[in-house]
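Okay, structure first, notes after.
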Amino acid sequence: MMRWKTVLFNIAFALNCLLFFLILLEQQLQVPLWLQVAGRMHPLVLHFPIVLLVLTIFWELLPHSEQTGAAAKTYIGDVLLLSTSLSAAITSLLGLFLSREEGYAPDVLLWHKWGGVALSLLTLVWYMLRRQVRQAKPLLVVITGAGLVAILVTGHQGANITHGDNFLLAPMMAGTGQPAILLDDAVVFTHMVQPILETKCTGCHNEQKAKGNLVMTTQAALLKGGKTGPLWDRNEQDFGLMFRRVHLPLENKKHMPPKGKPQLTDEELAIIYHWVKRGADFSAKVADLPATDTLRILAGFLFQTIETDQYSFAAADETKIKSLNTSYRVISPLAAASPALGVEFFSAANFNAKHLKELLPIKEQVVSLNLSKMPITDADLKLVGQFKNLRKLNLSFTPISGAGLGALKDLTQLKQLSLSGTQVEWNEVAPLAALPKLSRLFLWNTPIGSAGIQQAAARYPQLKMEGGYTGDTVVLKLNPPLLQNEAQIISEPVPLQLKHYIKGTTIRYTTDGSIPDSLHAPIFTSGAMINQSMTIKAKAFKQGWISSDVVERSFYKAGYKPDSVLLVHPPNEQYKGDGGRTLFDAQKGDQNFRSGKWLGFKEQPLTAQLLFKQPVTLSSVAVSTLVDIGSYIMPPQQLEVWGGNHPSKLRLLGRLRPQQPLKDTSGYMQGYEVLFDATPVSVIKLVAVPVGKLPAWHRGKGDKGWVFVDEVFLNR
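Just add 39 to wherever you are in the sequence shown, counting from 1, and you've got the numbering used here.
Written out as structure tokens, the structure reads:
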């Protein structure tokens, strides 16, 4: 056995000599391919010396007084210590080979590399002097302590290289001192895109470990790209390298993130894709995006608003709130189950400062206060200043002069302040710009003027200052007409209700899915009716104006309801709604496909058998669907309607192949109707086939698409 230990010691000694020699000549070291393969085993074998060293330290410090026990302890200690020395030398050599690959910054590797060498040499010397060390207890404590420190420092530095800076303490420091971001304050890149990159990308693409010479931790580095060029190119059909890599099959070695690492979710891909599509703006705010923009919709699931924020104060007494509600003052919760209250005042003729004072018993809960057009004075602002939890304050078109605005300086939670239509001057408003959470200031139609607002905005870039529209001699665009029909499911003919607030505007509409034009589309009149399943598209026109965008809504005629519904294939577990009942519950979904009102299918088609106890005669089956291209939700590739008197004896009644989108657009709801000759049936089988392969222009080209359905309508 002694000979065996001698052989292992000689091997460990030789490996340490080789390690020391190679590290001194590291700059001239050229690693052949077969050694690169060995080097990549470093993450696999590094756990052995860690565990063995911890066991060795524990064993050496373990007291034992019996002679027979001491001999056994010495033998086991020798084996553990020799094994530690040998495994540490092997691990350090493999790490040295791995460090010669591209993507590792030499200065960052310094502490990890020399820590490994020191640990290997320490364990070798410790083994050589083991008898002397065991006899001198203080020396044993010192050398075991040095070994423990070495393994901690070296391991910590290695974790930083692999997983990013401060990986060990990150859970304790995450979020420290960082307040929750509300939607109104969120920046698209900083609060939506960057967290995804930090979680899924920067582990391999940081200053310490820049695979492919690509760093993704700063804006400049993202724009620079890596050794193969820029990360994205909006002029390319697939938006460039980054999107090609993330959409490669998982088994492909160039797929990113690599197999075994946390993969990007559909939502995360959609966020990055739409951010790049909009121009990869690093400073754009979520609140400035159109309400229908996909990024804005996705942000609605990530951030809370002032209304839905989490508040620590207790709710006010409901009886008290009820007693404070009057015909001219309405107090209501901002969101369900929220203690935060909003207060609205009406009728300036009946307003009195005492009505504001009456709210002081609930001042802690009042988060939103609307005093627009009320005859409030500068003196009354002292009362307003007592509502310390205010997030929104609307003082627009009030007679305040600005002299009393100093009373608001303690509203440290204030985020939005409207002073539009007042006589305030900037020198009176400026002290409020220092409020720590103020992010939006409305100043249009004030003596400050557009030039003053621009100067203030340059001085306070963290503030979004709204100055109103200032364009001259510009041809304006009409806003879309209002489609006032609320119910999308009708049981009998109802009047079509379209309206526009600009006099002299002509509204034209279509029911065949085409875009209304100014010449051929029917002009809306009060006699227009909705009497069947149809999609209304309407547009406003006026001489001297740019025509409006199209407003669109699908209407469905409620018809027969089956006695039972059988789904041949279950929907996706995340989007299963209420099973087959979802298709006939008269509950229309919206563009939120996570609302529980949709059935989602991807791997299998939607195949629903609709059974009737008594035969019915049908000539139409309409299907309400959702299209959200960025989330891979497409129109059905094919719709089929089969019918008959028995499930085993069905014939094809009608088939429809919906037109597929040719480019990415915002999400929308779309109805499709399959028409056929009137047929008496006891069984209907509806099949909605999802897109098998997304088109080449789609960022997920080649992947399977989704089909989402919320309602089915059966009519004669």
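Cβ atoms here follow ideal geometry from the backbone N, Cα and C, with glycine treated the same way.
Rounded Cβ spacing between residue i and residue j (contact assumed at less than 8 Å)
{"i": "Val751", "j": "Leu714", "result": "About 15 Å separates the two Cβ atoms, so there is no contact after all."}
{"i": "Gly506", "j": "Leu482", "result": "6 Å"}
{"i": "His608", "j": "Gln648", "result": "That pair is no contact at about 11 Å."}
{"i": "Pro520", "j": "Val590", "result": "6 Å"}
{"i": "Ile528", "j": "Ala577", "result": "Between Ala577 and Ile528 the Cβ distance is about 19 Å, and since that is not below 8 Å, they are no contact."}
{"i": "Val720", "j": "Leu645", "result": "Going by Cβ atoms, the distance from Val720 to Leu645 rounds to 19 Å, so no, they are not a contact pair."}
{"i": "Ser572", "j": "Glu679", "result": "Actually they do not touch by this definition, with Cβ atoms about 18 Å apart."}
{"i": "Ile96", "j": "Val156", "result": "The pair is not a contact, with the Cβ atoms about 19 Å apart (cut-off 8 Å)."}
{"i": "Thr544", "j": "Leu517", "result": "7 Å"}
{"i": "Leu334", "j": "Trp314", "result": "7 Å"}
{"i": "Leu422", "j": "Gln452", "result": "Actually they are not in contact, since the Cβ atoms of Leu422 and Gln452 sit about 17 Å apart, beyond 8 Å."}
Inter-residue Cα distance where the pair is residue i and residue j
{"i": "Gln233", "j": "Thr304", "result": "15 Å"}
{"i": "Thr107", "j": "Glu237", "result": "Residue placement at Thr107 is flagged as unreliable, the pLDDT there being 48, under the threshold of 50; the coordinate-derived value follows with that caveat. Straight-line Cα distance between these residues: approximately 56 Å."}
{"i": "Thr257", "j": "Leu125", "result": "41 Å"}
{"i": "Gly731", "j": "Ile668", "result": "14 Å"}
{"i": "Ala392", "j": "Glu464", "result": "24 Å"}
{"i": "Gln404", "j": "Gly635", "result": "32 Å"}
{"i": "Lys324", "j": "Leu91", "result": "52 Å"}
{"i": "Asp551", "j": "Asp348", "result": "43 Å"}
{"i": "Ala213", "j": "His294", "result": "Annotation note: pLDDT 45 at Ala213 (below 50); position unreliable, no value reported."}
{"i": "Lys316", "j": "Asn274", "result": "10 Å"}
{"i": "Leu605", "j": "Gln630", "result": "26 Å"}
{"i": "Arg169", "j": "Cys243", "result": "41 Å"}
{"i": "Leu363", "j": "Leu474", "result": "30 Å"}
{"i": "Val382", "j": "Ile415", "result": "15 Å"}
{"i": "Phe321", "j": "Gly619", "result": "44 Å"}
{"i": "Thr485", "j": "Gly441", "result": "11 Å"}
{"i": "Pro177", "j": "Trp98", "result": "16 Å"}
{"i": "Asp511", "j": "Thr437", "result": "Confidence in Asp511 is poor, its pLDDT being 46 and thus under 50, which makes the residue's placement too unreliable to answer from."}
{"i": "Asp449", "j": "Phe623", "result": "54 Å"}
{"i": "Leu270", "j": "Leu280", "result": "5 Å"}
{"i": "His86", "j": "Asp224", "result": "45 Å"}
{"i": "Ser557", "j": "Phe580", "result": "7 Å"}
{"i": "Lys503", "j": "Ala472", "result": "11 Å"}
{"i": "Trp681", "j": "Ser658", "result": "12 Å"}
Residue i - partner residues in DSSP beta bridges
{"i": "Ala577", "result": "Tyr548, Val590"}
{"i": "Trp584", "result": "Looking at the DSSP assignment, Trp584 forms no beta bridge with any residue, so it has no partner."}
{"i": "Glu679", "result": "Arg694, Val726"}
{"i": "Gly381", "result": "Ser371, Ser407"}
{"i": "Glu525", "result": "Answer by DSSP bridge pairing: none, since Glu525 is not bridged."}
{"i": "Met504", "result": "Leu480"}
{"i": "Val93", "result": "According to DSSP, Val93 bridges with nothing at all."}
{"i": "Val751", "result": "Val662"}
{"i": "Thr485", "result": "Bridge partners of Thr485: none, in fact."}
Beta-carbon contacts of residue i that lie in its chain and below 6 Å, excluding the five residues immediately before and after
{"i": "Ala127", "result": "Pro88, Leu158, Ser159, Thr162"}
{"i": "Tyr367", "result": "Phe385, Ser386, Asn389"}
{"i": "Thr215", "result": "The predicted position of Thr215 is uncertain, since its pLDDT is 41 and thus under 50; no value can be drawn from it."}
{"i": "Phe228", "result": "Phe321"}
{"i": "Gln709", "result": "Thr664, Val666"}
{"i": "Gln455", "result": "Lys431, Arg479"}
{"i": "Arg738", "result": "Phe282, Tyr312"}
{"i": "Gln425", "result": "Lys402"}
{"i": "Thr45", "result": "none"}
Beta-carbon contacts of residue i that lie in its chain and below 8 Å, excluding the five residues immediately before and after
{"i": "Gly741", "result": "His286, Lys732, Leu733"}
{"i": "Ser530", "result": "Lys596, Ala597"}
{"i": "Gln343", "result": "Ala219, Leu221, Leu222, Gln349"}
{"i": "Ala469", "result": "Ala495"}
{"i": "Ser435", "result": "Ser411, Lys412, Ser457, Leu458, Ser459, Gly460, Thr461, Phe481"}
{"i": "Glu307", "result": "Ile235, Lys239"}
Cβ neighbours of residue i in the same chain (closer than 7 Å, five flanking residues each side left out)
{"i": "Phe419", "result": "Checking the displayed sequence, the identity of residue 419 turns out to be Asp instead of Phe. So the qualifying residues of the chain are Ala392, Leu395."}
{"i": "Lys538", "result": "Pro520, Leu521, Gln523"}
{"i": "Gly491", "result": "Trp465"}
{"i": "Asp117", "result": "Lys44, Arg169"}
{"i": "Pro686", "result": "Gln648, Val722"}
Cutoff 7 Å: residue i Cβ touching any chain D Cβ
{"i": "Gln462", "result": "Considering every chain present, this structure includes no chain D. It has just one protein chain."}
Original post:
Looking at C-beta atoms only, is the number of pairs between the segment 633-643 and the segment 689-698 that lie closer than 8 Å three or more?
Top reply: no
Original post:
Does the segment 375-387 come close enough to the segment 353-365 that 3 or more CB-CB pairs lie under 8 Å?
Top reply: Yes: the two stretches touch, three or more of their Cβ pairs being nearer than 8 Å.
Original post:
Given 8 Å as the limit, is there contact between the segment 596-608 and the segment 578-587, that is, 3 or more CB pairs closer than that?
Top reply: No: fewer than three Cβ pairs fall under 8 Å.
Subject >> Cβ pair count under 8 Å reaching 3, the segment 608-622 against the segment 669-682 >> reply: no
Original post:
Does the count of Cβ pairs from the segment 551-569 and the segment 487-501 closer than 8 Å reach three?
Top reply: no
Subject >> contact_flag[the segment 649-663, the segment 327-335] where n(CB pairs < 8 Å) is 3 or more >> reply: no
**OP:** Count the CB pairs spanning the segment 277-291 and the segment 170-187 that are closer than 8 Å, and state whether there are at least three.
**Re:** The answer is no - the segment 170-187 does not touch the segment 277-291, with fewer than three Cβ pairs under 8 Å.
**OP:** Would you check if there are 3 or more beta carbon pairs closer than 8 Å linking the segment 644-656 to the segment 696-707?
**Re:** Verdict: no, contact absent.
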